[in-house]
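One structure is given here, and the rest of the page talks about it.
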Amino acid sequence: QQQVKQSPQSLIVQKGGISIINCAYENTAFDYFPWYQQFPGKGPALLIAIRPDVSEKKEGRFTISFNKSAKQFSLHIMDSQPGDSATYFCAASDSDQAGTALIFGKGTTLSVSS
Amino acid sequence: DGGITQSPKYLFRKEGQNVTLSCEQNLNHDAMYWYRQDPGQGLRLIYYSQIVNDFQKGDIAEGYSVSREKKESFPLTVTSAQKNPTAFYLCASSIATGGRTQYFGPGTRLTVL
Chain P
658 QQQVKQSPQS LIVQKGGISI INCAYENTAF DYFPWYQQFP GKGPALLIAI RPDVSEKKEG
718 RFTISFNKSA KQFSLHIMDS QPGDSATYFC AASDSDQAGT ALIFGKGTTL SVSS
Chain A
6 DGGITQSPKY LFRKEGQNVT LSCEQNLNHD AMYWYRQDPG QGLRLIYYSQ IVNDFQKGDI
66 AEGYSVSREK KESFPLTVTS AQKNPTAFYL CASSIATGGR TQYFGPGTRL TVL
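Laid out in structure tokens, this is it:
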């Protein structure tokens, strides 16, 4: 019930291509869906986040697509660059439930080849 | 600069020893968290705290202990009861729990010799 399932586990994309990472959740009470980016040896940092009142959010080359009925959301990286090579985590939480923490997916390691 | 600091960056421990990882934040955040990261396992929640003098177990609390005596500090002790403590440990904070942005520290890599 509380899991967030992320796929694929790893992804190799050519420079300039589109990287797509998918996440699925079960708990319909979740209402906050962030994506974090982590470089090797560093802590994760928030990349972009969405709430279920919109179906898409775009920030630069990064876009979150959200499908409430399917309980899925995805991260699209347009014009992927070698500097985008990192591990990406999706997460979810229920904002209305006090005392809850983010639930993270297991991560996707993205490699962008030049 | 506001942020989260973790120390040390690298830590080596002999089997049977307790060790404490430091986490300090100057973001004036109420909530703080500890995660463990292993290859292919993502971020697993160890403990979190919503407010001073209060904390809750996460998914993998066994073998760990925490304290929250000050708002800015949330140390994690890895006890000898933790069977496989070698991992990358991440501390995070947020304004509150729930749907809030978490800010992460740089992490501590613990290796048991």
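Just so you know, the sequences run in chain order P and A.
Here this note's numbering = 1-based position in the first sequence + 657.
Here this note's numbering = 1-based position in the second sequence + 5.
Note that beta-carbon positions come from the ideal geometry of N, C-alpha and C, so glycine has one too.
This structure is a prediction, so every number in the text was calculated from the model and none was measured.
Item, Value
"Could you say which of TYR745(P), VAL670(P) and GLN660(P) lies nearest to VAL769(P) if we only look at CA atoms?", "VAL670(P)"
"Is the shortest distance between the beta-carbon of LEU48(A) and the beta-carbons of chain P less than 8 Å?", "yes"
"Using a Cβ-Cβ cut-off of less than 9 Å, give me the residues of the stretch 97 to 109 of chain A that come near chain P, in sequence order.", "ALA97, SER99, ALA101, THR102, GLY103, GLY104, ARG105, THR106, GLN107, TYR108 and PHE109"
"Got a sec? Which residues, its chain only, sit under 6 Å from LEU759(P) by beta carbon, not counting five neighbours each side?", "ALA748 and SER750"
"Could you give the residue range of the beta strand (DSSP E) that holds GLN738(P)?", "First-last for GLN738(P): undefined, no H or E at that position."
"Below 8 Å CB to CB, which residues in the same chain sit around THR116(A) once its five sequence neighbours on both sides are set aside?", "TYR15, LEU16, PHE17, ARG18 and THR91"
"Apart from the five residues on each side of it in sequence, which residues of its chain come closer than 6 Å, Cβ to Cβ, to GLN123(A)?", "This structure leaves residue 123(A) out entirely; chain A is present only between 6 and 118."
"Classify THR106(A) as helix, strand or coil using the three-state DSSP reduction.", "coil"
"State the Cα-Cα distance for the pair THR744(P) and LYS763(P), rounded to the nearest angstrom.", "10 Å"
"Quick check on the burial criterion: 16 or more other C-beta atoms within 10 angstroms. Buried or exposed for ALA727(P)?", "exposed"
"Under a three-way DSSP split, which group does GLY47(A) fall into?", "strand"
"With 16 other CB atoms within 10 Å as the buried threshold, where does ILE707(P) fall?", "buried"
"With contact counted as at least three CB pairs below 8 Å, one residue from each stretch, are the stretch 76 to 83 of chain A and the stretch 19 to 30 of chain A in contact?", "yes"
"Please tell me whether LEU704(P) has its Cβ less than 8 Å away from any Cβ of chain A.", "no"
"To the nearest angstrom, report how far apart ASP64(A) and TYR94(A) are at their CA atoms.", "14 Å"
"On the criterion of 16 or more Cβ atoms from any shown chain inside 10 Å, does PHE696(P) qualify as buried, or is it exposed?", "exposed"
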